[in-house]
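Trainee: Just dropping this structure here.
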Amino acid sequence: MSKSLGLLPLLLLLCFSCAQTGGPPPRMVRPDIPSPVSPQVEKERRVPKDTTKEILSFSLREADIKDVLRAIARQTNYNMVVEQEVKGLITVDLKDVTLEKSLHYLLEPLNFVSQIDDRTIYVSRPRVETKVYPLNYVEMKRTGSSTVRGSSGFDGGHKRDVVALRSETQSDLWKAIEEGLKNLLSPDGRYVINRTASLVAVTDYQRNHKNVTAFIDAVEKTIQRQVSIEAKIIEVSLSDASKEGIDWNYLQRRWTDLNIAVRQPPAGSVDPTDGAVNSTVFKPCFHFEFGDGKQETLVELLKTQGTVNIVSNPRIAALTNQRAIIKVATEDVAFETTTTVTQGGAPVLATTNQFVTVGLVLDVIPQVDKQGNIIMGIHPILTERIGERIDRRTGNSVPILDVREVDTMVRLREGETIILGGLVKERGGRTGSRRSELVIFLTPKVISEKDAL
């Protein structure tokens with residue numbers, strides 16, 4: 006039930022500030038006289054209740070803040086401790102607000118704060134206080150980089166044109182937290198970050214603590230999101246009829262016949278890079294939705310273009326904005342020899358091991374936006390050893406690798422699958438040349454808190 010501050014001193018104050026000449030005399034308020042009650046009813050009245058949730062309504066014009074606080078203390082039966090420096094006039098019109106809200110609205114314009122401890126309200130100037138914020142995150146700093154290279158053909162002594170794309174990402178959550186706190190704290194604020202214990206201690210005013218709390222909660226809510234990614238890497242050895250590459254227009258017509266909704270991303274949403282020698286330009290990138298069993302149907306459709314070989318079919322989970330890597334490969338060893346000349350003039354040979362990855366490496370960085378869409382940075386690399394070269398000076402062998410890779414960023418709705426294709430490679434042999442194309446299926450899904458448990 007809404008209560009009004011109907012105490013005599015406050016009414017006299019309001020009448021003095023708002024009275025007009027010739028107006029009616031102030032109305033006297035009779036004190037409540039308790040009626041006889043039974044012992045059982047009296048016992049029920051003595052049960053303590055949370056009066057901070059009481060609803061208050063009052064209208065004040067140029068009222069002394071100390072008089073208002075005393076009236077609130079009498080109305081709510083709270084003890085009130087007010088510091089000597091608390092003073093000022095307040096004008097408010099509040100209807101149906103709780104005790105905590107009313108104190109906030111009264112004191113904030115005068116730059117005062119309140120604190121409720123049991124049955125006592127303390128009112129004072131803002132003071133710095135220290136709070137500790139836990140942040141559930143692994144103490145680590147992650148760095149990832151990738152380089153995609155391509156080169157054009159050349160004739161005779163013409164210069165070869167080389168194009169290189171290098172992308173590098175660094176993930177240091179604690180550094181980002183530190184930068185955020187610097188912008189949220191007052192000049193008197195301080196903070197301490199304990200990475201080992203995953204704790205952030207902040208000393209500042211109550212108003213700044215509200216901003217820090219909102220910031221920490223938003224960060225933790227974002228970083229705790231997980232994405233499950235199902236990947237399928239397929240290599241299609243092209244038939245004679247498809248030697249120019251997979252006929253994606255034909256496949257798209259067949260998808261329509263199977264009632265599979267296909268949508269092509271807008272121009273510029275994919276940034277492909279040619280990373281294999283004698284490869285064609287990256288052509289198609291489709292987003293599509295399908296029901297149970299439809300993905301296998303799409304794989305069957307690829308068989309109309311040639312022999313299908315599933316290189317890998319893993320499933321991984323990753324936190325948002327964190328790099329996840331799938332590696333199905335072997336580490337080949339190459340030896341590098343360096344020569345150092347000593348002061349005596351005698352050369353010293355030193356041999357070091359250089360490891361070369363041969364196989365599949367799929368690098369994915371997912372991110373979930375507010376609408377639940379999933380943004381993914383995708384970088385698959387497929388390498389194959391096709392020979393070796395001997396260093397005549399040292400006799401060491403250096404592997405010759407065939408590399409196919411793509412570096413791109415796409416946006417999908419949950420439940421969609423993206424197909425990356427168009428990396429065509431031609432390899433010569435004794436029986437003639439053979440062409441193949443790499444096709445990648447990726448299906449991301451946001452893992453809910455219930456599924457993560």
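Residue numbers (the numbering used here): 6 to 458. Where a beta carbon is used, it is the ideal one built from N, C-alpha and C, also for glycine. As the structure is a computational prediction, the values presented were derived from the model and not from experiment.
(1) From the DSSP output, in three-state form, read off residue 334 for me.
(2) Can you tell me whether residue 440 is buried or exposed? The criterion is at least 16 other CB atoms within 10 Å of its CB, across all chains shown.
(3) So, does the segment 363 to 376 touch the segment 334 to 352, judging by three or more C-beta pairs under 8 Å?
(4) So what's residue 74 in DSSP terms, helix, strand or just coil?
(5) Since residue 422 and residue 447 are thought to touch, with beta carbons under 8 Å apart, how far apart are those beta carbons, to the nearest angstrom?
(6) What number of angstroms, rounded off, separates the C-alpha of residue 450 from the C-alpha of residue 234?
(7) Measure how close the beta-carbons of residue 65 and residue 73 come, nearest whole angstrom, since I'm counting them as under 8 Å.
(8) Could you name the residues of the same chain whose beta carbon sits closer than 7 Å to that of residue 90, not counting the 5 residues immediately before and after it, in chain order?
(9) From this set, 453, 384, 345, 309, which residue's C-alpha is nearest residue 377's C-alpha?
(10) Measure from the alpha carbon of residue 387 to the alpha carbon of each residue in 317, 104, 400, then state which is nearest.
(11) Just curious, the alpha helix (DSSP H) that residue 224 is in, first and last residue?
(12) Rounded to whole angstroms, what is the Cα-Cα separation between residue 302 and residue 308?
(13) From residue 4 to residue 404, what distance separates their C-alpha atoms?
(14) Pull the bridge partners of residue 83 from the DSSP assignment, please.
(15) In terms of DSSP beta bridges, what is residue 363 paired with?
(16) Comparing alpha-carbon positions, which option in 222, 249, 68 lies nearest residue 97?
(17) Identify which residue in 379, 401, 185, 117 has its Cα closest to the Cα of residue 326.
(18) Residue 188 by DSSP, collapsed to three states: which one?
(19) Within the same chain, show all residues whose beta-carbon is closer than 7 Å to that of residue 256, passing over the 5 residues directly before and after it, in chain order.
(20) How many whole angstroms separate the CB atoms of residue 395 and residue 407, which I take to be in contact at a CB cut-off of 8 Å?
(21) Taking only three categories from DSSP, how would you classify residue 446?
(22) What is the DSSP secondary structure of residue 419, reduced to helix, strand or coil?
(23) Excluding the 5 residues flanking residue 110 on each side, which residues of the same chain have their C-beta closer than 8 Å to its C-beta?
(24) Nearest CA to the CA of residue 112: which residue from 88, 182, 232, 122?
(25) In whole angstroms, give me the CA-to-CA distance for residue 344 and residue 358.
(26) On a Cα-Cα basis, can you pick out the residue from 78, 253, 341, 141 that is closest to residue 397?
(27) Taking only beta-carbon atoms, is residue 205 less than 8 Å away from chain C?
(28) Per DSSP, what kind of secondary structure is residue 182 in: helix, strand or coil?
(29) Who does residue 5 pair with in a DSSP beta bridge?
(30) Determine the direct distance from the alpha carbon of residue 117 to that of residue 85, and round the result to whole angstroms.
(31) Could you give the DSSP three-state label for residue 244: helix, strand or coil?
(32) Between the segment 190 to 198 and the segment 206 to 218, do three or more beta carbon pairs fall short of 8 Å?
(33) What are the partner residues of residue 323, as DSSP defines its beta bridges?
Mentor: The answer reads as follows:
(1) Residue 334 sits in a strand when the DSSP states are folded into three classes.
(2) Residue burial annotation: residue 440 is buried, with at least 16 other C-beta atoms found within 10 angstroms of its C-beta.
(3) Contact between the segment 363 to 376 and the segment 334 to 352 is present, because at least three Cβ pairs lie under 8 Å.
(4) In this structure, residue 74 counts as helix in the three-state DSSP scheme.
(5) With 8 Å as the limit, residue 422 and residue 447 qualify as a contact, their Cβ atoms being about 7 Å apart.
(6) If I take the Cα positions, the gap works out to 6 Å.
(7) Contact annotation, residue 65 with residue 73: C-beta distance approximately 6 Å; criterion of less than 8 Å satisfied.
(8) Contacts found: 130.
(9) It is 453 whose Cα lies nearest to the Cα of residue 377.
(10) The shortest Cα separation from residue 387 among 317, 104, 400 belongs to 317.
(11) Counting along the chain, the unbroken alpha helix (DSSP H) around residue 224 starts and ends at 211 to 228.
(12) Each residue's alpha carbon lies about 10 Å from the other.
(13) Limits of the chain in this structure are 6 at one end and 458 at the other, which puts residue 4 out of reach.
(14) Secondary-structure assignment with DSSP links residue 83 through no beta bridge to anything.
(15) DSSP lists 335 as partners of residue 363.
(16) Measuring C-alpha to C-alpha distances from residue 97 to each of 222, 249, 68 identifies 68 as the nearest.
(17) Here the closest residue by C-alpha is 379.
(18) Residue 188 falls in the helix class under three-state DSSP.
(19) Cβ neighbours of residue 256 beyond the five flanking positions: 306.
(20) Actually they do not touch by this definition, with Cβ atoms about 19 Å apart.
(21) Here DSSP, grouped into helix, strand and coil, assigns residue 446 to strand.
(22) Three-state DSSP puts residue 419 in coil, outside helix and strand.
(23) Non-local beta-carbon contacts of residue 110 in its own chain, meaning distances under 8 Å to residues more than five positions away in sequence, involve 97, 99, 102 in chain order.
(24) Taking residue 112 as reference, the option from 88, 182, 232, 122 with the minimal CA-CA separation is 88.
(25) Between residue 344 and residue 358, the C-alpha separation is close to 15 Å.
(26) Residue 341 is the option with its Cα nearest to residue 397.
(27) Of the chains in the structure shown, none is chain C; there is only one protein chain.
(28) Reduced to three states, the DSSP call for residue 182 is helix.
(29) Past the boundaries of the shown model lies residue 5; the chain is included only from 6 to 458, so the question cannot be answered.
(30) Roughly 14 Å separates the two Cα atoms.
(31) Correct three-state label for residue 244: coil.
(32) The segment 190 to 198 vs the segment 206 to 218: in contact.
(33) BP columns for residue 323 point to 232.
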